[in-house]
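See below for the structure under consideration.
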Amino acid sequence: MPLVYLKVQQSHFRFEFLSKLTSSLSEAGWIGREAILMTGINSLIYVLSTLPPWILVDHWGRRAILLSGAVIMAISLGATGWWMYIDVPKTPKAVVICVIIYNAAFGYSWGPIPWLYPPEIMPLTFRAKGVSLSTSTNWAFNFLVGEATPMLQEYIGWRLYPMHGFFCICSFILVYFLYPETKGVPLEEMDVVFGEDAREEAEDNASTLNEVITERTSLLSDRSDASHQAINTVSRRRPTSRKSWLGRVFRGGNQP
Numbered sequence: 030m031p032l033v034y035l036k037v038q039q040s041h042f043r044f045e046f047l048s049k050l051t052s053s054l055s056e057a058g059w060i061g062r063e064a065i066l067m068t069g070i071n072s073l074i075y076v077l078s079t080l081p082p083w084i085l086v087d088h089w090g091r092r093a094i095l096l097s098g099a100v101i102m103a104i105s106l107g108a109t110g111w112w113m114y115i116d117v118p119k120t121p122k123a124v125v126i127c128v129i130i131y132n133a134a135f136g137y138s139w140g141p142i143p144w145l146y147p148p149e150i151m152p153l154t155f156r157a158k159g160v161s162l163s164t165s166t167n168w169a170f171n172f173l174v175g176e177a178t179p180m181l182q183e184y185i186g187w188r189l190y191p192m193h194g195f196f197c198i199c200s201f202i203l204v205y206f207l208y209p210e211t212k213g214v215p216l217e218e219m220d221v222v223f224g225e226d227a228r229e230e231a232e233d234n235a236s237t238l239n240e241v242i243t244e245r246t247s248l249l250s251d252r253s254d255a256s257h258q259a260i261n262t263v264s265r266r267r268p269t270s271r272k273s274w275l276g277r278v279f280r281g282g283n284q285p
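Numbering-wise (our numbering), the sequence shown opens with residue 30 and increments by one.
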């Protein structure tokens, strides 16, 4: 489930600006060649932003990159919606700056890390199928987000951007609480990160304890059965007691 969510959010964040950037800039006041030029500059900066993760991923770790990227993207999206809402002369330039910051944050965080994280944490026996599932989920939601974004831009306008910013905040919370750090962890020891060894050990201990309890219960049951049999045997062998002479007097001395 975390892998599916990771890929869903990656596709969600990517298509917000990358696929519909020209129309977003047009809404902000950039038209014609200027909008195309800004799109090209933004794409160049996006490509350059994908280079730092080559170094940062083994220094900062996966969690720090995802968390910082989610914060920067949420702020950029919120600011974009705000500038479009107030619609002042500075709005076009402000929107371009927000777009560039957003894409740079995406390029070093939620762009590359969701491609790295799933193969790392997948069990060896399920890795091929799991990575295939996460990749297909990514492209399926790419299609859905790409189709939905133009309609949302038309119907809700500037509200689209803070809405996506809200999802960035949700992603921050989920990564913070649910995604463990895998930096420096060998693939063979990945189960330890997710507590699988501790869980298996607890299950083994519980199974051993149940076996001991069952064995002792069986022994106690056997001993109890043996005790009952011994008591019954003694009871059958015990001679019938005779009545005393005083009892015979009161009950009638002539009775045997």
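Virtual Cβ for every residue (Gly too), placed ideally from N, Cα, C.
Which of the three DSSP states, helix, strand or coil, is assigned to His-88?
Three-state DSSP puts His-88 in coil, outside helix and strand.
Three or more C-beta pairs below 8 Å linking the region 185 to 199 and the region 98 to 111
Verdict: yes, contact present.
For Ala-169, does the count of other Cβ atoms within 10 angstroms reach 16, so buried, or fall short, so exposed?
Burial call: exposed.
8 Å contact criterion, which Ile-94 and Pro-82 should meet: CB distance rounded
The beta-carbon separation of Ile-94 and Pro-82, rounded to 7 Å, stays under the 8 Å limit for a contact.
Quick check on the burial criterion: 16 or more other C-beta atoms within 10 angstroms. Buried or exposed for Ile-129?
By the 10 Å Cβ count, Ile-129 comes out buried.
For Met-102 and Tyr-131, which I take to be in contact (beta-carbon distance under 8 Å), what is that distance rounded to the nearest angstrom?
By a beta-carbon distance limit of 8 Å, Met-102 contacts Tyr-131. Their separation comes to about 5 Å.
Please report the distance separating the alpha-carbon of Leu-203 from that of Asp-220.
Separation of Leu-203 and Asp-220 (C-alpha to C-alpha, rounded to the nearest whole angstrom) is 20 Å.
Going straight from the alpha carbon of Ile-84 to that of Pro-143, what length do you get?
Approximately 16 Å, taken between the alpha carbons.
Does the beta-carbon of Arg-62 have 16 or more other beta-carbons within 10 angstroms, so that it is buried, or is it exposed?
Exposed, since its Cβ has fewer than 16 Cβ neighbours within 10 Å.
Using 8 Å as the Cβ pair cut-off and three pairs as the minimum, do the region 208 to 219 and the region 142 to 157 touch?
They touch, by the three-pair rule.
Nearest-angstrom beta carbon gap, Lys-212 and Cys-90 [assumed within contact, 8 Å]
Residue identity differs from the one stated: residue 90 is Gly in this sequence, not Cys. About 4 Å; that satisfies the 8 Å criterion.
Rounded to the nearest angstrom, what separates Gly-140 and Ser-78 at their Cα positions?
Between the alpha carbons of Gly-140 and Ser-78 lies a gap of roughly 10 Å.
Cα separation between Pro-147 and Phe-201?
About 18 Å.
Just the C-alpha distance for Phe-223 and Pro-209, rounded to the nearest angstrom, thanks.
Computed Cα separation, rounded: 7 Å.
Tyr-146 (DSSP reduced to helix, strand or coil)
Of the three classes helix, strand and coil, the one that applies to Tyr-146 here is helix, per DSSP.
Tell me whether Gly-98 is buried or exposed, calling it buried when 16 or more other Cβ atoms sit within 10 Å of its Cβ.
Buried, because 16 or more other Cβ atoms sit within 10 Å of the Cβ of Gly-98.
For a test of the three-state rule: what should DSSP assign to Val-160, helix, strand or coil?
DSSP places Val-160 in helix when its eight states are reduced to three.
Please list the terminal residues of the continuous alpha helix (DSSP H) segment that includes Phe-196.
Taken as a continuous stretch (DSSP letters only), the alpha helix (DSSP H) holding Phe-196 covers 189 to 207.
To the nearest angstrom, report how far apart Phe-172 and Thr-164 are at their CA atoms.
Those two C-alpha atoms are separated by around 13 Å.
Would the beta-carbon of Cys-197 fall within 9 Å of that of Val-124?
It is not a contact, given that the beta carbons lie outside the stated cut-off.
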